[in-house]
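**Student:** In my numbering, the protein residues as written are 11 to 647.
1) Would you report the Cα separation of residue 318 and residue 607, rounded to the nearest angstrom?
2) Just the Cα atoms here: how many angstroms apart are residue 477 and residue 506?
3) Could you pull out every unbroken alpha helix (DSSP H) segment of at least 4 residues lying fully inside the region 464–533, listed in chain order?
4) Can you look up residue 293 in the DSSP assignment and give me helix, strand or coil?
5) Measuring only the C-alpha atoms, how far is residue 243 from residue 204?
6) For a quick check, are the C-beta atoms of residue 351 and residue 298 less than 9 Å apart?
7) Would you say the region 543–557 touches the region 462–481, given that touching needs at least three Cβ pairs under 8 Å?
8) Taking 8 Å as the cut-off, is the C-beta of residue 211 nearer than that to any heavy atom in the ligand GDP?
9) Look up residue 348 in the DSSP assignment and say whether it is helix, strand or coil.
10) What separation, rounded to the nearest whole angstrom, lies between the Cα atoms of residue 361 and residue 385?
11) Who are the Cβ neighbours of residue 372 in its own chain at under 6 Å, not counting the five residues just before and after it?
12) Skipping 5 residues on each side, what residues in its chain have a beta carbon closer than 7 Å to that of residue 279?
13) Just confirm the distance between the C-beta atoms of residue 484 and residue 381, as a whole number of angstroms; I'd bet it's less than 8 Å.
14) Can you tell me where the alpha helix (DSSP H) with residue 226 in it begins and where it stops?
15) For the alpha helix (DSSP H) containing residue 454, name the first residue and the last one.
16) Can at least three beta-carbon pairs, one atom from the region 481–496 and one from the region 437–449, be found at a separation below 8 Å?
17) Which residues in the same chain have their Cβ closer than 8 Å to the Cβ of residue 510, if we skip the five residues on either side of it in sequence?
18) From residue 179 to residue 306, what distance separates their C-alpha atoms?
19) Alpha carbon to alpha carbon, how far is residue 175 from residue 168? Give it in angstroms, no decimals.
20) Could you tell me whether the region 143–152 touches the region 196–212, using the rule of 3 or more Cβ pairs below 8 Å?
21) Excluding the 5 residues flanking residue 553 on each side, which residues of the same chain have their C-beta closer than 8 Å to its C-beta?
22) Span of the alpha helix (DSSP H) holding residue 316?
23) Use the C-beta contact count for residue 490: other C-beta atoms within 10 angstroms, 16 or more gives buried, fewer gives exposed.
24) Ignore the nearest five residues each way along the sequence and tell me which others in residue 296's own chain have a CB closer than 8 Å to its CB.
25) Please classify residue 236: does DSSP put it in a helix, a strand, or coil?
26) Are the region 243–256 and the region 126–142 touching, with three or more C-beta to C-beta distances below 8 Å?
27) Find out if the Cβ-Cβ distance for the pair residue 396, residue 322 is shorter than 9 Å.
28) To the nearest angstrom, how far is it from the Cα of residue 129 to the Cα of residue 48?
29) To the nearest angstrom, report how far apart residue 524 and residue 593 are at their CA atoms.
30) Taking only three categories from DSSP, how would you classify residue 554?
31) Select from 187, 567, 531, 469 the residue whose C-alpha is nearest the C-alpha of residue 579.
32) Helix or strand or just coil, what does DSSP make of residue 255?
33) Is residue 5 near residue 267, with beta carbons less than 9 Å apart?
34) For a quick check, are the C-beta atoms of residue 237 and residue 311 less than 9 Å apart?
35) Would you call the CB atoms of residue 60 and residue 123 closer than 9 Å?
36) How would you call residue 151, buried or exposed, if buried means at least 16 neighbouring beta carbons within 10 angstroms?
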């Protein structure tokens with residue numbers, strides 16, 4: 011009866027009523043009787059669940075121990091906790107009557123007996139369900155994003171047990187702390203929960219990382235060993251933050267939710283997780299500060315490490331939200347800053363490597379230079395990290411604005427700096443501009459073959475543009491204006507190559523190849539064409555165009571400007587010329603063109619000395635216009 015009267019909701023009013031009765035002029039008889047009844051009722055249930063002396067609060071493996079807080083004893087467990095509250099609430103009134111009375115001593119002893127049982131129960135529940143209901147993974151799933159226990163979805167028996175356990179540990183914690191056993195409650199909670207986290211981290215391999223997280227240890231590691239550690243860190247980091255630490259945050263908030271003003275939950279979480287979290291993030295900082303390992307090719311590992319904690323920012327803020335964890339948040343932020351600094355250093359090293367690359371010897375055939383492949387492979391890989399790079403290089407020096415033409419910016423917004431992507435767009439455009447500048451220097455090595463220098467530039471710029479076009483993020487960052495401008499530049503290089511190589515050969519014919527001219531002039535035209543074509547063919551026999559699309563475009567251009575002109579002249583004047591001077595039929599020229607730009611080792615059709623019986627046609631050329639169509643030519647003749 012009094013247990014109900016002195017429930018949590020009625021404590022103040024009932025206690026005040028009893029106190030008023032105890033000090034009334036009518037005498038203390040009723041209040042003493044009521045208080046004695048409260049103690050008697052409390053003693054009855056507390057003594058029922060009194061632990062025998064052989065049970066200790068930490069001996070959880072005693073097979074004789076029976077927990078009060080089970081599904082079968084829900085009501086009795088509530089009565090037990092209610093009796094403790096009744097006894098505690100009656101204590102001040104008893105002391106007011108007589109601080110040394112036997113009743114006060116009884117109430118005090120009952121509290122000690124009850125707390126022994128409650129401590130045992132608290133430890134037992136935390137320990138028994140540490141890997142099931144109370145595991146961080148299970149706790150995370152049991153609570154919604156606001157940290158509240160899911161309700162309305164309790165369907166199975168397991169769900170009911172889950173809710174009961176979560177309710178019991180909070181009720182017990184409330185009881186212990188309000189009864190003056192805060193220290194014992196927190197001690198038990200921290201010991202058990204810290205062991206849960208430590209065991210989970212051990213299974214993840216965290217302690218191997220923690221051992222090598224000190225700067226002195228990191229400096230001893232070679233790159234291969236350190237890279238393994240970094241990969242392990244990446245594999246580990248998400249689980250502690252998103253599951254282990256988050257689960258502990260949720261559980262602490264739940265268990266100590268009625269005591270938020272005391273920050274008990276934050277204090278417990280700090281004891282359980284703080285040191286481990288600091289070790290987790292300090293590893294990153296110390297790796298990033300090890301300048302001797304930094305080099306351009308390692309930037310991607312550092313970018314991966316940067317993106318991992320960056321993607322966990324919301325989780326870190328949620329778990330370590332209170333002032334207790336200012337050092338953890340500071341460490342996580344410092345780690346990101348150091349990683350960003352390391353990435354900027356390596357990006358600068360990459361640019362410096364391009365700048366320091368000195369021309370040595372011309373590549374045979376004007377093929378794609380290794381520097382071009384290296385730079386574009388690097389930029390394609392970097393583009394996968396465009397969001398992170400935009401953050402990282404936002405505050406770093408970039409290409410001076412006046413050194414980059416307008417088309418180096420993807421859009422008017424980027425040109426005016428209205429989008430965050432502008433920083434990375436400018437930086438990538440600047441790197442490509444550095445590459446193009448180096449290619450111009452390398453093209454000068456083809457001193458005796460100016461046409462080949464233009465073919466070299468066309469090949470390399472075409473490769474650069476192709477890599478951009480086939481990389482969606484580079485298209486987004488550099489824009490279609492950039493692509494269009496550089497495609498036009500490729501065409502200009504090809505036109506210059508064609509003009510230098512083929513213009514003289516094309517000039518063998520009159521401007522109007524169908525015009526009537528003397529037979530001697532006709533013979534001279536064929537002779538000049540033969541000499542010019544054979545010289546150009548032999549000169550280009552080892553030249554290459556690696557891109558099959560560009561290769562076909564160049565062949566088609568030569569076909570339309572040279573071969574079709576020859577075909578018209580050949581069909582008009584071959585009967586008037588000395589037969590021995592005519593070396594090529596149209597199909598022979600087509601076969602010769604088919605051999606070009608694939609490399610010297612692949613030429614197999616006999617070159618320009620092949621007879622008119624050669625009938626090997628590329629499928630591509632077989633679809634080109636016949637001589638009935640006028641040849642097109644933009645070469646000067």
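Note that CB positions come from ideal geometry on N, CA and C, so glycine has one too.
These numbers were taken from a predicted model, which means no experiment stands behind them.
**Tutor:** Let's see:
1) 47 Å
2) 23 Å
3) 482–516
4) helix
5) 21 Å
6) yes
7) yes
8) This structure simply doesn't include the ligand GDP, nor any ligand for that matter.
9) helix
10) 9 Å
11) 455, 456
12) 258, 259, 262
13) Wrong, their Cβ atoms sit about 18 Å apart, outside the cutoff.
14) 225–230
15) No alpha helix (DSSP H) contains residue 454, which DSSP labels as neither H nor E.
16) yes
17) 460, 461, 464
18) 53 Å
19) 11 Å
20) yes
21) 375, 376, 462, 465, 606, 607
22) 309–320
23) exposed
24) 223, 224, 225, 228
25) helix
26) no
27) no
28) 23 Å
29) 20 Å
30) strand
31) 531
32) helix
33) The first residue shown for the chain is 11 and the last is 647, placing residue 5 beyond what the model contains.
34) yes
35) yes
36) exposed
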